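**Student:**
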Amino acid sequence: MNNSHSSGNTVQIAAPSALTSGVPFILGTMLAVPVTSAASGELVAAQIEGAFTFPKLSTAEIAAGAKLHWDVSAGEFIVAASATGDLENCAVALAAAGNGTTTVVAKLLPGVGAVKA
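At position 78 of the sequence shown (counting the first as 1) the number is 65 in my numbering, and the numbers step up by one without a gap.
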């Protein structure tokens, strides 16, 4: 196949702001995870597909299979009450994560999310 570019799991982009390796950021309608830290404008590899352990709101009750919203100000996943600027429906929980837990295993859903207006 002559037109294949890459698997698409990891993309190389100019960092939209200073990024820290492993700390998610919003890239259009996607949540991306930088592979390395980068200064604003620097080229960086970012994963836009895959399953990761992410921080979550400790009081959130998340069922396996639930759609997740990225709370941009808190830097964690939530399941309800998203605010302006949050990325809604950008991932799905692969396992339940109950009240009192601070992480959730989630699968990124590239291109499906929407920034709340």
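Yeah, the Cβ is synthetic: ideal placement off N, Cα and C, and Gly gets one too. It should be emphasised that the depicted structure is a prediction, and the values quoted were computed from it without experimental measurement.
(1) Return the CA-CA distance between Gly42 and Met17, expressed in angstroms with no decimal places.
(2) Can you tell me the Cα-Cα spacing of Ser4 and Ala26, whole angstroms?
(3) Around the Cβ of Ala84, are there at least 16 other Cβ atoms within 10 angstroms (buried) or fewer (exposed)?
(4) Whole angstroms is fine: what's the gap from Glu75's alpha carbon to Val20's?
(5) How many angstroms separate the CA atom of Ala47 from the CA atom of Asn86?
**Tutor:** If we stick to the structure as given:
(1) A small fix is needed here, since residue 42 is Pro in this sequence, not Gly. About 17 Å.
(2) 7 Å
(3) buried
(4) 16 Å
(5) 6 Å
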